[in-house]
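These notes concern the structure reproduced below.
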Amino acid sequence: MTPTTAFDFAAWARARRAEVEAALDACPADAVADLGQAMRYAVLDGGKRLRPLLVFAAAQSVAAGSAPAAVNAAALRAACAVELIHAYSLVHDDLPCMDNDVLRRGKPTVHVRFGEAQALLAGDALQALAFELLTPDDGSLDAEVQARLCGLLARAAGHAGMAGGQAIDLASVGRTLDAAVLRDMHRRKTGALLAASVCMGAAAAGLSPQSATWQALGAYGEALGLAFQIVDDVLDVTADAATLGKTAGKDAAANKPTYVALLGLEGARAEALVLHRHALDALSQLQRVHAGADVAALAALADAVVRRDH
Numbered sequence: 624m625t626p627t628t629a630f631d632f633a634a635w636a637r638a639r640r641a642e643v644e645a646a647l648d649a650c651p652a653d654a655v656a657d658l659g660q661a662m663r664y665a666v667l668d669g670g671k672r673l674r675p676l677l678v679f680a681a682a683q684s685v686a687a688g689s690a691p692a693a694v695n696a697a698a699l700r701a702a703c704a705v706e707l708i709h710a711y712s713l714v715h716d717d718l719p720c721m722d723n724d725v726l727r728r729g730k731p732t733v734h735v736r737f738g739e740a741q742a743l744l745a746g747d748a749l750q751a752l753a754f755e756l757l758t759p760d761d762g763s764l765d766a767e768v769q770a771r772l773c774g775l776l777a778r779a780a781g782h783a784g785m786a787g788g789q790a791i792d793l794a795s796v797g798r799t800l801d802a803a804v805l806r807d808m809h810r811r812k813t814g815a816l817l818a819a820s821v822c823m824g825a826a827a828a829g830l831s832p833q834s835a836t837w838q839a840l841g842a843y844g845e846a847l848g849l850a851f852q853i854v855d856d857v858l859d860v861t862a863d864a865a866t867l868g869k870t871a872g873k874d875a876a877a878n879k880p881t882y883v884a885l886l887g888l889e890g891a892r893a894e895a896l897v898l899h900r901h902a903l904d905a906l907s908q909l910q911r912v913h914a915g916a917d918v919a920a921l922a923a924l925a926d927a928v929v930r931r932d933h
């Protein structure tokens, strides 16, 4: 991978996060009181905003020559939508019928704070709001781009993605999975939405899924998504609840299949680094197939994923 220009990742990430926070804070303005409070509690005041950052970084990487205002507006809608889907998935994952967790982002989980019924409704409403954001009827987002964004997000959230991965996870408690099944579970449960975030950035920039540029970005997203989950498995063993902002050690306590259980702690760390290398190789390919590709933000995000402590 060839570096582009000097890049202040921290400043870039702060600016992008501020855009997302402001947009998320504006919705849902018309939700009924208790539901609206639960939705806002779930999505505001916490989180790395990694998925929105991936949307922006991917759009930025290939947007040279495009109308910057239009691309950024599309990317902002996509970034908020993917974060809403992520928030809904956490609300539902934390429910007693799923992972039964009481701590998320250093706060009581939504069902602890608002009750199970309100948490279920808040998750449902966040999911619906994500697709509402992607389908404005004011002409501000091209219909073809709307359809592409909705398709990417739906596939990542549904049976082929998060929901399917969670189903495998729940069915696998107490079992030893082989490497292929474990990889498939993590690819669906966590990797799919991260990979979709990258492709949604490409869609916001007007790319076609058939292009070599899209394929390179997709390869980056797939490698990064799996690396993220492997690092999560490592942190569940090595970090404490105060650092993680959620209950530590739950996977091992629940006898869930993880990369640490399969490969050992050092083996899991090594596998995450291999995937990090694959992600950077994909960025090198992106530079080969897309003249002027700006990969600085994507490379910095890949580094952040494997170096994070929470």
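Numbered per my numbering, the sequence shown spans residues 624 to 933. We put the CB at the ideal spot given by N, CA and C, even for glycine.
- By the CB criterion at 8 Å, Gln833 and Asp716 fall outside the cutoff.
- Within the stretch 720 to 752, no run of beta strand (DSSP E) at least 3 residues long lies entirely inside it.
- Within the model, the alpha-carbon separation for Asp904 versus Tyr843 is close to 8 Å.
- His913 sits buried, since 16 or more C-beta atoms from the chains shown fall within 10 Å of its C-beta.
- A direct Cα-Cα distance of roughly 20 Å separates Ala895 from Ser820.
- Contact check for Val714 against Ala828 fails: the beta carbons are separated by 8 Å or more.
- Per DSSP, Thr866 is one residue of the alpha helix (DSSP H) stretching across Ala864 to Leu867.
- Between Leu756 and Ala704, the gap from beta carbon to beta carbon is short of 8 Å.
- In the structure shown, Ser684 adopts helical secondary structure according to DSSP, grouped into three states.
- In this chain, the alpha helix (DSSP H) harbouring Asn695 covers Pro691 to Asp716.
- The stretch 835 to 891 is shown to contain no whole beta strand (DSSP E) run of 3 or more residues.
- At a Cβ-Cβ threshold of 8 Å, Ala701 and Val678 count as neighbours.
- Distance check between Leu749 and each of Leu667, Lys730 and Leu830 places Leu667 closest, using alpha-carbon atoms only.
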